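Which chain is which? The protein sequence lines are A and B, in order.
Quick note, in our numbering, the first sequence goes up one by one and the last residue is 119.
Quick note, in our numbering, the second sequence goes up one by one and the last residue is 107.
From the three backbone atoms N, C-alpha and C, an ideal C-beta is built for every residue, glycine too.
Predicted, not measured: the structure shown is a model, and the values here were computed from it.
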Amino acid sequence: QMQLQESGPGLVKPSETLSLNCTVSGGSISSYHWSWIRQPPGKGLEWIGHISYSGGTNYHPSLKSRVTISIDTSKNQVSLKLTSVTAADTAVYYCARHYAPQYSWFDPWGQGTLVTFSS
Amino acid sequence: DIQMTQSPSSLSASVGDRVTITCRASQTIIKYLNWYQQRPGQAPKFLIYGASSLQSGVPSRFSGSGSGTDFTLTISSLQPEDFATYYCQQSFSFPLTFGGGTRVEIK
């Protein structure tokens, strides 16, 4: 059974770069696509971006200039970097497998990691 | 971007009630529509893909329907564990987008 676990600093200073990792167990990272999704406290879900098993990426237009998603097959990890962060980036950040046989969907998800900002 | 609009934003219901949630896309997405359930403090759980296909292990009281721009999620007989927030999500085109969510509360 595939499991995902996000990790990274829970506190980031404004204007710095947020870096998160998602470690995948129970499956090879190079066989699937992966997405990052975030959820501000008390609000809905926002898709951040996607990386395919071949390394191709798609990002949300509103974040495209600040986001980089990459994979490290040696560690079976998917990484997210978000630059120039502000308080508006406060959210729970989830990684999820983006499964795409015909239709596509997110399953499974990691438990999420809360990132907040402090001056 | 394809905008996804859910209604209602919240509802109150009793155990055993039939509940219907609506999701509307700003343009046709054919049947590229997924549903997720999120309980408080938990990650979303995948329920339905392709508008009407139930993910393995999801109880049969959940069903989905629709195509084009209008979709529904129905819970035929609400159970205590179904009190949660439900999100639709389109997978037709990037950027992938979610509806704003429908919170199902205990009456």
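Worksheet item: With Val92 of chain A and Leu114 of chain A assumed to form a contact (beta carbons below 8 angstroms), what rounded beta-carbon distance in angstroms separates them?
Response: In the first sequence, the residue the question calls residue 92 of chain A occupies position 92. In the first sequence, the residue the question calls residue 114 of chain A occupies position 114. About 5 angstroms; that satisfies the 8 angstroms criterion.
Worksheet item: Can the beta-carbon of Leu11 of chain A be found less than 8 angstroms from the beta-carbon of Ser79 of chain A?
Response: On the first sequence, residue 11 of chain A is found 11 positions in, with the first residue counted as 1. On the first sequence, residue 79 of chain A is found 79 positions in, with the first residue counted as 1. Cβ atoms of Leu11 of chain A and Ser79 of chain A: not closer than 8 angstroms.
Worksheet item: Taking the continuous beta strand (DSSP E) assigned at Ser52 of chain B, which residues delimit it?
Response: The sequence position of residue 52 of chain B within the second sequence is 52, counting from 1. Run containing Ser52 of chain B: none; DSSP gives neither H nor E here.
Worksheet item: Do Leu47 of chain B and Gln38 of chain B come within 8 angstroms of each other at the CB atom, strictly closer than that value?
Response: Working through the second sequence from its first residue, we reach residue 38 of chain B at position 38. Working through the second sequence from its first residue, we reach residue 47 of chain B at position 47. It is not a contact, given that the beta carbons lie outside the stated cut-off.
Discussion item. Measuring CB atoms only, is the region 95-114 of chain A touching the region 59-71 of chain B, in the sense that at least three cross pairs come out at less than 8 angstroms?
Written reply: no
Worksheet item: Using a C-beta to C-beta distance shorter than 7 angstroms, which residues of chain A count as neighbours of Ser26 of chain B?
Response: Numbered from its first residue, the second sequence carries residue 26 of chain B at position 26. Near Ser26 of chain B there are no residues of chain A at all, since even the closest Cβ is about 15 angstroms away, more than 7 angstroms.
Practice prompt. Could you check if Glu6 of chain A is buried or exposed, using at least 16 other CB atoms within 10 Å of its CB as the buried criterion?
Written response: Sequence index remark: in the first sequence, residue 6 of chain A carries index 6 (1-based). So Glu6 of chain A ends up on the buried side.
Practice prompt. Please report how far the alpha carbon of Gln42 of chain A lies from the alpha carbon of Asp1 of chain B, in whole angstroms.
Written response: Here residue 42 of chain A refers to the residue found at position 42 when the first sequence is read from its first residue. Here residue 1 of chain B refers to the residue found at position 1 when the second sequence is read from its first residue. Position check: residue 42 of chain A holds Gly in this sequence, whereas Gln was assumed. The alpha-carbon atoms of Gly42 of chain A and Asp1 of chain B are separated by roughly 23 angstroms.
Worksheet item: In the structure shown, what three-state DSSP assignment does Asp89 of chain A receive?
Response: Position 89 of the first sequence, counted from the start, is the residue given in the question as residue 89 of chain A. DSSP places Asp89 of chain A in helix when its eight states are reduced to three.
Discussion item. At a CB distance below 7 angstroms, what residues from the region 95-112 of chain A approach chain B? Give them in sequence order.
Written reply: Tyr103, Ser104, Trp105, Phe106, Asp107, Trp109, Gly110, Gln111 and Gly112
Practice prompt. Report the residues of the region 52-67 of chain A with a CB closer than 7 angstroms to any CB of chain B, ordered along the chain.
Written response: Asn58, His60 and Pro61
Worksheet item: Which chain B residues are close to Gly44 of chain A, counting only those with a beta carbon under 8 angstroms from its beta carbon?
Response: Indexing the first sequence from 1 puts residue 44 of chain A at position 44. Within 8 angstroms Cβ-Cβ: Tyr87, Phe98, Gly99, Gly100 and Gly101.
Fill in: C-beta neighbour in chain A for Ser65 of chain B, strict 8 angstroms
Position 65 of the second sequence, counting from 1, holds the residue named residue 65 of chain B. With 8 angstroms as the cut-off, Ser65 of chain B does not count as an interface residue toward chain A.
Fill in: Distance, Thr68 of chain A Cα to Gly110 of chain A Cα
Taking the first residue of the first sequence as position 1, residue 110 of chain A is located at position 110. Taking the first residue of the first sequence as position 1, residue 68 of chain A is located at position 68. Computed Cα separation, rounded: 19 angstroms.
Worksheet entry | Glu81 of chain B and Ser12 of chain B closer than 8 angstroms at C-beta | Stepping through the second sequence from its first residue, residue 81 of chain B is reached at position 81. Stepping through the second sequence from its first residue, residue 12 of chain B is reached at position 12. No, the Cβ-Cβ distance between Glu81 of chain B and Ser12 of chain B is not below 8 angstroms.
Worksheet item: Got a sec: is the Cβ-Cβ distance from Phe94 of chain B to anything in chain A below 8 angstroms?
Response: Within the second sequence, residue 94 of chain B is the residue found at index 94, counting from 1. Judged by the 8 angstroms Cβ criterion, Phe94 of chain B is in contact with chain A.
Worksheet entry | Min CB distance Trp34 of chain A to chain B below 8 angstroms | Counting from 1 along the first sequence, the entry for residue 34 of chain A is found at position 34. No - not a single Cβ of chain B is within 8 angstroms of the one on Trp34 of chain A.
Fill in: Other residues of its chain near Asn76 of chain A: CB distance less than 8 angstroms, five sequence neighbours each side excluded
Against the first sequence, residue 76 of chain A aligns to sequence position 76. The answer, listed in chain order, is Thr23, Val24, Ser25, Ser28 and Ile29.
Worksheet entry | Exposure label - Pro44 of chain B; buried when at least 16 CB within 10 Å | Translated into positions along the second sequence, residue 44 of chain B becomes position 44. Classification of Pro44 of chain B: buried, given that the 10 Å Cβ count is 16 or more.
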